[in-house]
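**Q** Following the numbering used here, the numbering of the sequence shown begins with 2 at its first residue and continues without gaps. Here it is, the structure in full.
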Amino acid sequence: MERFVFVAAIVFAVIFGLFAMVGGGRHFHFSIDGRTDPVMAVAAGHVPAATFTGEELRFKYLAAHVTITPEDRQDISIEITNPGHAPMPTVVRDGEDIVVDGHLANRVDCDDAGGADLRGYSRVALADLPQIVVHAPRTLHVDFDGAGLAEVGPSQSLHLEVSGCGSANAADVAGALGVDVRGSGHVQAGAAHGLNANIMGSGGLTTGAIADSADVSVFGSGSVTVASLTGTLKSSSHGSGDINVLTGTITTAEFETFGSGGANVSAPIQHLRASIHGSGDIEVNGAVGDVDAAIYGSGAVHATSITGAIHKQTMGSGDVTSG
């Protein structure tokens, strides 16, 4: 099962990578459930704010600019203004979830300018896409699937999922930040107390300071960059993706790599544990205390200095070095 997941992740990343190379600044978004929406008549329109209750806010088959403002409230208010270049999104309930459907299944290509090429319609700039204004509780779960941009204001706790080729910006999170990126999208997040992130494909995540621990996984060619980290770090890379920590103070760091991906940490680490399978490297620009490493292949662990005990098991040309 683990091998299947690993292979599937690599295939997924390769597909997105190939389309990124030939797309000329465009990124493609596919509907994996087989749905293709028909071309609909479009016209400018406005849906006044309406309130809903639900556990999760999902945006699917969508190309839009979404602005979410967390507030002291229990319900969710949604207002839509459509300039008339794309179908009018509709809001429905799906079990405990609130779903905003853009009616663009298998019709969305992203471009690097933040807009979208809507097959059967036209290429639309971000400012001309439907503008969706949301007021939500401070603790929220958002799933953004499609193209365009989702912006989330300061929150207490945030679980943000981005699928396809769209992007998202999230302000500071007082508590836990969870991020899942599937595809070629990118998330720019502020500071948070803790971080749990999973990147699958060629997408990426950049965060501000993380005050207490980060658990990060990359499957494919994506990347995660953390501005600052205090506490513990768990890092897993399957494929060619990279995980970067720019500064901080780390107590215990656990690294696991399969493939050519690795990690770059510019912070001292008290205890470092590494399991490397392939050619991935762990680079630490700082002092490391104890090191416990198992290396199978040509990968390596390198630190500016190692002051504690070194326990290593190697099979291949990989090694643990300092200096």
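Just so you know, even glycine gets a beta-carbon here, dropped at the ideal spot from N, CA and C.
1) Give a yes or no on contact between the segment 146-164 and the segment 94-102, applying the rule of three or more CB pairs nearer than 8 angstroms.
2) What residue from GLY121, GLN132 and ILE77 has the CA that sits closest to MET89's CA?
3) Considering Cα atoms alone, identify which of ILE211, ASP243, VAL125 and GLU257 is closest to GLY249.
4) Quick check: what's the CA-CA separation for ASP95 versus LEU178?
5) Considering only C-alpha positions, which residue in the set ALA295, GLY309, THR305 and THR308 is nearest to GLY328?
6) Just to confirm the assignment, what range does the beta strand (DSSP E) spanning ARG183 have?
7) Short of 7 angstroms in beta carbon distance, which residues of its chain neighbour ALA148, apart from the five on each side in sequence? Order them along the chain.
8) Excluding the 5 residues flanking MET22 on each side, which residues of the same chain have their C-beta closer than 8 angstroms to its C-beta?
9) For ALA264, name the three-state secondary structure that DSSP assigns.
10) Starting from ASN245, trace the beta strand (DSSP E) both ways and give me its first and last residue.
11) Just to confirm the assignment: which complete beta strand (DSSP E) runs, minimum length 3, are found wholly within the segment 69-123?
12) Out of curiosity, what's the CA-to-CA distance linking VAL12 and ARG74?
13) Where do the N-terminal and C-terminal ends of the beta strand (DSSP E) with LEU234 fall, by residue?
14) Does the separation of the CB atoms of HIS187 and LEU130 fall below 8 angstroms?
15) Under a three-way DSSP split, which group does ALA44 fall into?
16) Determine whether the beta carbon atoms of ALA114 and ARG36 lie at a separation below 8 angstroms.
17) With VAL219 and GLY242 assumed to form a contact (beta carbons below 8 angstroms), what rounded beta-carbon distance in angstroms separates them?
18) Report the option in THR68, HIS104 and HIS136 whose CA atom is closest to the CA atom of THR52.
19) What whole-angstrom Cβ distance do GLY195 and SER214 have, given they're in contact under 8 angstroms?
20) Assuming ASP320 is part of the beta strand (DSSP E), what are its boundary residues?
21) Cβ atoms of THR258 and GLY287: under 8 angstroms apart, would you say?
22) Using a threshold of 8 angstroms, state whether the C-beta atoms of ALA45 and GLY103 are closer than that.
23) Could you tell me how far apart the beta carbons of ILE277 and VAL289 are, in whole angstroms, since I believe they sit closer than 8 angstroms?
24) Check whether the Cβ of LEU178 sits closer than 7 angstroms to any heavy atom of the ligand PLP, and report yes or no.
25) My understanding is that SER238 touches ALA254, with C-beta atoms under 8 angstroms, so please give their C-beta distance in whole angstroms.
26) Around the Cβ of ASP76, are there at least 16 other Cβ atoms within 10 angstroms (buried) or fewer (exposed)?
27) What is the DSSP secondary structure of ASP213, reduced to helix, strand or coil?
28) Can you give me the C-alpha to C-alpha distance between GLY176 and THR70, rounded to a whole angstrom?
29) Nearest to LEU230 by alpha carbon, out of PHE60, VAL40, LEU273 and THR252?
30) For LEU206 and ILE81, I'd like the C-alpha separation in whole angstroms.
31) When burial is assigned at 16 or more other CB atoms within 10 Å of the CB, is MET201 buried or exposed?
32) Apart from the five residues on each side of it in sequence, which residues of its chain come closer than 6 angstroms, Cβ to Cβ, to PHE256?
33) How big is the Cα-Cα spacing for ALA198 and SER78?
34) Leaving out five residues before and five after ALA172 in sequence, what residues of the same chain have Cβ atoms less than 6 angstroms from its Cβ?
**A** Reading it off the structure:
1) no
2) GLN132
3) Comparing C-alpha distances from GLY249 to each of ILE211, ASP243, VAL125 and GLU257 shows the shortest one belongs to ILE211.
4) 25 angstroms
5) In the structure displayed, the chain extends from 2 to 324; residue 328 sits before or after that span and is not available.
6) That run of the beta strand (DSSP E) goes 174-184.
7) HIS30, ALA64, VAL109, CYS111, ALA117, GLY165, CYS166 and GLY167
8) Model confidence at MET22 stands at a pLDDT of 36, short of 50, so the residue's coordinates are unreliable; what they give is reported in the following sentence. Same-chain partners within the cutoff: there are none.
9) strand
10) 243-246
11) 77-83, 91-95, 98-102, 109-112 and 117-119
12) Confidence is the limiting factor: at VAL12 the pLDDT is only 44, short of 50, which leaves the residue's position unreliable, though a coordinate-based value still follows. Approximately 42 angstroms between the Cα atoms of the pair.
13) 224-240
14) no
15) coil
16) no
17) 3 angstroms
18) HIS136
19) Between the beta-carbon of GLY195 and that of SER214 there is about 5 angstroms, and that keeps the pair under the 8 angstroms contact cut.
20) 320-323
21) Not in contact: GLY287 and THR258 (Cβ atoms no closer than 8 angstroms).
22) no
23) With 8 angstroms as the limit, ILE277 and VAL289 do not qualify as a contact, their Cβ atoms being about 15 angstroms apart.
24) Among the components of this structure there are no ligands whatsoever, and the ligand PLP is therefore not found.
25) Incorrect: roughly 13 angstroms between the Cβ atoms, too far for contact.
26) Classification for ASP76: exposed.
27) coil
28) Taking the straight line from one Cα to the other gives about 16 angstroms.
29) THR252
30) 28 angstroms
31) buried
32) Answer for PHE256: SER236, ALA264, ALA275 and ILE283, listed in chain order.
33) Cα to Cα, the separation comes out at about 27 angstroms.
34) GLY154, PRO155 and GLY191
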